[in-house]
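Using numbering that gives the first Met the number 0, the first residue of the sequence shown is number 0, and each one after it goes up by one.
We put the CB at the ideal spot given by N, CA and C, even for glycine.
All of these numbers come straight from a predicted model, not from anything done at the bench.
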Amino acid sequence: MRRIYLIITVMLMSVCVMRAQSNDEKDNNIITVTDQEGNEDEIDVPVGMDTEVDSLLQVYIRHTYLKPDTSCNAVDVNPDFPDSVYVDRLRRLPTIIEMPYNSIVRKFIDRYATDLRGSVGVMIGASNFYMPLFEQALDLYNIPLELKYLPVIESALNPNAVSRVGATGLWQFMLPTAKRYGLEINSLVDERRDPVRASYAAAHYLSDLYRIFDDWSLVIAAYNCGPEKVNKAIHQAKGNADYWHIYPYLPKETRGYVPAFIAANYIMNYYCEHNICPMLSDLPMKTDTVMVDRDVHLQQVADVLKMDIEQLRELNPQYRRDIVNGFSKPRAIKLPATKIGDFIELKDSVYSYKNDELILKRDTVDVNTHKEVETKKRVYRHRSSGRRHSKARRRHRRRR
0 MRRIYLIITV
10 MLMSVCVMRA
20 QSNDEKDNNI
30 ITVTDQEGNE
40 DEIDVPVGMD
50 TEVDSLLQVY
60 IRHTYLKPDT
70 SCNAVDVNPD
80 FPDSVYVDRL
90 RRLPTIIEMP
100 YNSIVRKFID
110 RYATDLRGSV
120 GVMIGASNFY
130 MPLFEQALDL
140 YNIPLELKYL
150 PVIESALNPN
160 AVSRVGATGL
170 WQFMLPTAKR
180 YGLEINSLVD
190 ERRDPVRASY
200 AAAHYLSDLY
210 RIFDDWSLVI
220 AAYNCGPEKV
230 NKAIHQAKGN
240 ADYWHIYPYL
250 PKETRGYVPA
260 FIAANYIMNY
270 YCEHNICPML
280 SDLPMKTDTV
290 MVDRDVHLQQ
300 VADVLKMDIE
310 QLRELNPQYR
320 RDIVNGFSKP
330 RAIKLPATKI
340 GDFIELKDSV
350 YSYKNDELIL
360 KRDTVDVNTH
370 KEVETKKRVY
380 RHRSSGRRHS
390 KARRRHRRRR
């Protein structure tokens with residue numbers, strides 16, 4: 000009985016802890032804003048502003064390849080500025096997309112400048128590697144370069160980020176949209192995690208959305224919740240296609256999405272004014288790709304080229320299980336520019352190194368066509384059955 004009471008007590012305590020954690024997580028993922036009439040409204044924060052978004056592995060990688068800037072001696076205090084300063088700074092940003100200021104935008108700026116100060120420092124360091132990739136893709140589709148900060152609020156510049164609903168990668172593509180824009184997803188490859196291919200797919204998608212709405216704020220909202228929900232909000236607002244007018248008809252997260260985008264543009268440009276020290280990235284700024292036409296494990300490449308496997312994974316996050324399936328079709332492996340010559344020279348050694356150990360899929364197998372073992376089993380079962388019947392007959396005679 001005591002044991003039963005103990006089990007029930009532990010179960011109840013577990014439920015209480017889970018509920019407390021759930022409530023803490025909910026509070027952490029919500030921003031409350033108050034309108035001019037004193038009415039409160041709760042807004043869900045985007046995935047990239049969720050402090051729990053990074054996995055322990057990703058945190059380890061970032062701590063390994065992002066180092067503190069020892070020349071930055073700013074005090075870890077967020078200064079308070081009047082609204083007029085924020086209005087002026089936003090107006091000075093060289094952007095085509097409208098960057099207005101209001102109390103909701105201020106809430107998101109404050110969140111970046113206070114609770115997410117460390118994350119901002121990490122993102123500034125990572126941006127030195129990722130932003131040139133984003134800018135090239137956006138420029139190809141002739142769309143505003145300030146959209147390069149969308150992955151800041153989408154994924155906190157984490158190529159391995161996965162949202163609660165399964166959106167994946169820097170640009171947080173859902174699987175159907177990703178496939179519609181040509182990204183390959185299977186057991187070995189997830190190009191939503193590929194910074195280059197996902198960036199071009201995102202730029203293409205944003206360009207298509209602009210052809211629908213002809214307004215970048217609506218495009219950003221539609222990127223978050225889909226064009227159908229934005230059109231529904233416009234209809235509910237009696238045809239007024241201004242983001243700030245359709246605001247109350249949008250989903251909770253989308254209501255905070257454009258303000259978060261404005262805040263991301265602000266903090267990524269004015270982090271110094273908020274005493275935020277950036278991290279310094281050890282990831283190579285100059286990289287190039289080599290093509291392989293057979294299956295290769297990243298460990299083979301890392302060991303033969305004397306590279307850190309974690310750095311190689313960070314450069315090639317699209318390969319889900321470290322296997323580059325070049326037999327399917329030629330695949331690209333991104334390497335530091337200084338390692339390209341080494342790979343070309345040592346390519347055969349890379350392919351042969353621990354191949355049987357790391358590439359486990361067999362090309363052919365021999366089939367055992369002999370029934371000898373099974374026949375022996377049947378004979379044994381038959382004999383055992385016969386012995387059981389003999390014992391039963393002897394017992395029967397004794398009783399008689």
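* **Best match in Gly120, Ala136, Tyr269 for proximity to Ala200 [C-alpha to C-alpha]** => Taking the first residue of the sequence shown as 1, we reach residue 200 at position 201. Of Gly120, Ala136, Tyr269, the residue nearest in Cα terms is Ala136.
* Counting along the chain, where does the alpha helix (DSSP H) carrying Val366 start and finish? -> Translated into positions along the sequence shown, residue 366 becomes position 367. Run containing Val366: none; DSSP gives neither H nor E here.
* **Cβ contact (3+ pairs, closer than 8 angstroms) linking the stretch 156-165 and the stretch 230-250** => no
* Can you list, in chain order, the residues of its chain whose CB lies under 6 angstroms from that of Asp193, leaving out five sequence neighbours each side? -> The count along the sequence shown starts at 1 and reaches residue 193 at position 194. Hits under 6 angstroms: Gln317.
* Can you tell me whether DSSP reads Ile103 as helix, strand or coil? -> Residue 103 sits at position 104 when you count from the first residue of the sequence shown. In the structure shown, Ile103 sits in a helix (DSSP, three-state: H, G or I).
* Between Val291 and Ile358, is the Cβ-Cβ spacing less than 9 angstroms? -> Translated into the one-based positions of the sequence shown, residue 291 becomes position 292. Translated into the one-based positions of the sequence shown, residue 358 becomes position 359. For Val291 and Ile358, no; Cβs fall outside 9 angstroms.
* Asked: What first and last residue would you give for the beta strand (DSSP E) that runs through Val323?
  -> Taking the sequence shown and counting its residues from 1, the one referred to as residue 323 is at position 324. Note, Val323: beta strand (DSSP E), 322-324.
* **Cα-Cα separation between Gly225 and Leu304, rounded to whole angstroms** => Working through the sequence shown from its first residue, we reach residue 225 at position 226. Working through the sequence shown from its first residue, we reach residue 304 at position 305. The alpha-carbon atoms of Gly225 and Leu304 are separated by roughly 44 angstroms.
* In terms of residues, what are the limits of the beta strand (DSSP E) holding Pro335? -> For the purposes of this step, residue 335 is taken as the residue at position 336 of the sequence shown. Unbroken beta strand (DSSP E) run through Pro335: 330-335.
* Asked: Candidates Tyr64, His273, Ala177: which alpha carbon is nearest Ala73's?
  -> The residue you call residue 73 lines up with position 74 of the sequence shown. Checked all of Tyr64, His273, Ala177; the closest Cα to Ala73 is His273.
* CA nearest to the CA of Ile219, picked from Gly181, Tyr248, Tyr148, Lys237 -> Locating residue 219 in the sequence shown gives position 220, counting from the first residue. The option with the nearest alpha carbon to Ile219 is Tyr148.
* Just grab the DSSP bridge partners of Phe172 for me. => Here residue 172 is taken as the residue at index 173 of the sequence shown, counted from 1. Answer by DSSP bridge pairing, in chain order: Thr167.
* Tyr85 to Ser280, Cα distance in whole Å? -> Start at 1 with the first residue of the sequence shown, and residue 85 comes out as number 86. Start at 1 with the first residue of the sequence shown, and residue 280 comes out as number 281. Rounded to whole angstroms, Tyr85 to Ser280 spans 29 angstroms at the Cα level.
* Per DSSP, which residues does His234 bridge with? Please list them. => Position 235 of the sequence shown, counted from the first residue, corresponds to residue 234. DSSP lists no partner for His234.
* Cα separation between Lys251 and Arg196? -> Along the sequence shown, one-based indexing puts residue 251 at 252. Along the sequence shown, one-based indexing puts residue 196 at 197. Each residue's alpha carbon lies about 30 angstroms from the other.
* Run the CB neighbour count on Ser186, radius 10 Å, all protein chains shown included, and call it buried at 16 or more, exposed below. => Position 187 of the sequence shown, counted from the first residue, corresponds to residue 186. Its Cβ having fewer than 16 others within 10 Å, Ser186 is exposed.
* **Which listed residue (Met98, Pro67, Met48) has its alpha carbon closest to that of Asn264** => By 1-based counting over the sequence shown, the position of residue 264 is 265. Measuring from the Cα of Asn264, the nearest candidate turns out to be Met98.
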